[in-house]
Ligand code: CA
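Numbering (my numbering), first residue to last: 10 to 427.
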């Protein structure tokens, strides 16, 4: 598929993240407007509430874009998803008869503040990247026991906190927690000294289900994808994780990129999951290409200093697709809701420079990274800004996600001090 040309000329650059082929959905406000739904096109946002009021788009009898989330629209179903995308392409394409009316609804992105694009119902995080699971397992348990016995048979995960999912740009505060290092006789209470990122993709559920669903149904129910940084306190995690998995280590914050890139936009980038070591059971068996070829990158910028790229990998490194994760999530009868967010698990590749967490990049702190500024890092320092970047590269166009950015603030005083 080639670049689709728009009369919004900034959208026609082969390297621009938001061409007409993309049309990602977000929520924005400006000095003069309340939060509402919008779609990115080049350097502009099409104000969908204004477009709805002007009669340019009509997806329902009552307005759905005057609210600060996409949940109401997602709830209209996949026929409405298709219809809106087709109509937006018609409005924004070169030579469109609706250009004048649509121009009146455009807002420069530089004048907009971006907000959470979705009201997150529940957040679940998986652990489905093989290289990451192997690396972390090797550090925690040795290479012989790196992958737990269930790992090649089910996408393992835990139920996280929807209440601490934040949009890109939200600052993150270093947490306090109960820690017990290998040389500590007893646990102690201190700020986390091994605060980390996890480079992940988030899948957003757009169609609810109330029974076990197939992988194909799960793929149909996914609305779109975001970049996701699952901030992780490794020292809290190492002490608390056995046997029930992460708890406070992952509760501080999860950041997502501000634009939901739809499944329709990612269609040309579908790819297969890897060869299976064991045949999967029917409920999560592969039934088509359900991963995506998306280049991913992480940069780290110390406070007031330039950024260094610390990792490059690709979403196609996952062992399980989001559809398989969603299908597995439904097996025991739990309803899945519109707005549920599923983290993929950290996406690492085979080489050292492909590792999606500092824990792996610095091998548990034993091999600190050297940044372009000359500074060393094993984990995140106060004031560091971490940025996740995602781009699917087509023939003459790019499907970008919009960066997922977060700065780590120093720990506050002990919250329990008297
Ligand atoms: Ca994670």
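C-beta atoms are modelled at their ideal positions from N, C-alpha and C, and glycine is treated no differently.
Could you say which of the options lies nearest to residue i if we only look at CA atoms?
{"i": "residue 257", "options": "416, 244 and 62", "result": "244"}
{"i": "residue 79", "options": "183, 349 and 191", "result": "349"}
{"i": "residue 346", "options": "217, 292 and 357", "result": "217"}
{"i": "residue 320", "options": "130, 250, 99 and 399", "result": "399"}
{"i": "residue 167", "options": "182, 55 and 334", "result": "334"}
{"i": "residue 368", "options": "354, 229 and 387", "result": "387"}
{"i": "residue 84", "options": "416, 308, 426 and 231", "result": "231"}
{"i": "residue 317", "options": "385, 119 and 182", "result": "385"}
{"i": "residue 337", "options": "294, 378, 354 and 110", "result": "294"}
{"i": "residue 165", "options": "191, 135, 194 and 152", "result": "135"}
{"i": "residue 100", "options": "44, 17 and 119", "result": "17"}
{"i": "residue 207", "options": "127, 307 and 163", "result": "307"}
{"i": "residue 355", "options": "342, 344 and 324", "result": "324"}
{"i": "residue 29", "options": "113, 15 and 119", "result": "15"}
{"i": "residue 401", "options": "309, 301, 372 and 339", "result": "301"}
{"i": "residue 296", "options": "326, 315 and 332", "result": "332"}
{"i": "residue 366", "options": "389, 290, 379 and 344", "result": "389"}
{"i": "residue 192", "options": "210, 248 and 43", "result": "248"}
{"i": "residue 63", "options": "188, 34 and 112", "result": "112"}
{"i": "residue 381", "options": "414, 309 and 340", "result": "309"}
{"i": "residue 426", "options": "292, 67 and 185", "result": "185"}
{"i": "residue 210", "options": "417, 410 and 415", "result": "410"}
{"i": "residue 241", "options": "322, 289, 304 and 169", "result": "169"}
{"i": "residue 41", "options": "34, 68 and 56", "result": "56"}
{"i": "residue 59", "options": "69, 70, 46 and 71", "result": "46"}
{"i": "residue 87", "options": "379, 322 and 214", "result": "214"}
{"i": "residue 373", "options": "94, 344 and 190", "result": "190"}
{"i": "residue 21", "options": "405, 416, 415 and 421", "result": "405"}
{"i": "residue 212", "options": "194, 187 and 238", "result": "238"}
{"i": "residue 416", "options": "311, 370, 227 and 284", "result": "311"}
{"i": "residue 292", "options": "314, 95, 226 and 304", "result": "226"}
{"i": "residue 116", "options": "162, 91, 44 and 95", "result": "44"}
{"i": "residue 289", "options": "160, 228, 131 and 89", "result": "160"}
{"i": "residue 188", "options": "181, 228 and 250", "result": "250"}
{"i": "residue 203", "options": "377, 315, 287 and 408", "result": "377"}
{"i": "residue 305", "options": "61, 343 and 357", "result": "357"}
{"i": "residue 393", "options": "181, 228 and 89", "result": "181"}
{"i": "residue 34", "options": "421, 414 and 408", "result": "408"}
{"i": "residue 139", "options": "343, 119, 234 and 327", "result": "327"}
{"i": "residue 133", "options": "421, 375, 383 and 343", "result": "343"}
{"i": "residue 118", "options": "228, 383 and 268", "result": "268"}
What residues in its chain sit with their C-beta under 7 Å from that of residue i, if we drop five residues either side in the sequence?
{"i": "residue 277", "result": "10 and 403"}
{"i": "residue 298", "result": "279, 280 and 281"}
{"i": "residue 419", "result": "183 and 391"}
{"i": "residue 7", "result": "Missing from the structure shown is residue 7; the chain here goes from 10 to 427 and no further."}
{"i": "residue 97", "result": "32 and 48"}
{"i": "residue 423", "result": "185"}
{"i": "residue 254", "result": "167"}
{"i": "residue 110", "result": "63 and 65"}
{"i": "residue 124", "result": "36, 37, 38, 44, 77 and 176"}
Could you pull out every residue in the same chain whose Cβ sits closer than 8 Å to the Cβ of residue i, ignoring the five residues on either side in sequence?
{"i": "residue 173", "result": "260, 261, 262 and 263"}
{"i": "residue 19", "result": "25, 51, 52 and 53"}
{"i": "residue 412", "result": "177, 236, 266, 396, 397 and 398"}
{"i": "residue 122", "result": "37, 38 and 39"}
{"i": "residue 129", "result": "171, 174, 348, 349 and 350"}
{"i": "residue 93", "result": "66, 68 and 82"}
{"i": "residue 287", "result": "161 and 162"}
Less than 6 Å between C-beta atoms, sequence neighbours within five positions excluded: which residues of the same chain meet that for residue i?
{"i": "residue 82", "result": "73"}
{"i": "residue 329", "result": "137 and 164"}
{"i": "residue 205", "result": "241, 243, 366, 367, 368 and 388"}
- prompt: Are the segment 353-367 and the segment 175-187 in contact at 8 Å, needing three or more beta carbon pairs?
  reply: Not touching, per the Cβ criterion.
query: Where in the segment 66-142 do unbroken runs of the alpha helix (DSSP H), each at least 4 residues long, occur, reported from the N-terminal end onward?
result: Here the runs fully enclosed are 80-83, 87-101 and 108-112.
query: Which runs of the beta strand (DSSP E) spanning at least 3 residues fall entirely within the segment 182-269, listed in chain order?
result: Runs found: 185-188, 197-200, 208-214, 231-239 and 263-265.
query: Counting Cβ pairs, one atom from each stretch, are 3 or more of them under 8 Å apart for the segment 146-157 and the segment 273-293?
result: By the Cβ test, the segment 146-157 is not in contact with the segment 273-293, since fewer than three Cβ pairs between them sit closer than 8 Å.
- request: Quick one: residues with CB closer than 6 Å to any heavy atom of ligand 1, in chain order, please.
  value: Chain-ordered, the residues whose CB falls short of 6 Å from any heavy atom of ligand 1 come out as 134, 207, 209, 239, 352, 354 and 355.
query: Would the segment 152-168 and the segment 129-143 be scored as touching if the rule is three or more Cβ pairs under 8 Å?
result: Contact between the segment 152-168 and the segment 129-143 is present, because at least three Cβ pairs lie under 8 Å.
- prompt: When the Cβ atoms of the segment 180-200 are set against those of the segment 218-225, are three or more pairs found closer than 8 Å?
  reply: No, the segment 180-200 does not touch the segment 218-225.
- request: Please go through the segment 329-407 and give each complete beta strand (DSSP E) segment of 3 or more residues, from N-terminal end onward.
  value: For the segment 329-407, the continuous beta strand (DSSP E) assignments of 3+ residues that do not extend past its boundaries occur at 350-352 and 394-402, in sequence order.
message: Count Cβ pairs between the segment 51-61 and the segment 19-28 that sit closer than 8 Å; are there 3 or more?
response: With a cut-off of 8 Å, the segment 19-28 and the segment 51-61 count as touching, because enough Cβ pairs lie within range.
- prompt: So, do the segment 96-114 and the segment 70-78 have three or more beta carbon pairs nearer to each other than 8 Å?
  reply: Contact between the segment 96-114 and the segment 70-78 is absent, because fewer than three Cβ pairs lie under 8 Å.
- prompt: For the segment 11-72, which segments carrying the alpha helix (DSSP H) assignment without a break, of at least 4 residues, lie completely within its bounds, in sequence order?
  reply: Listed in chain order, they are 57-62.
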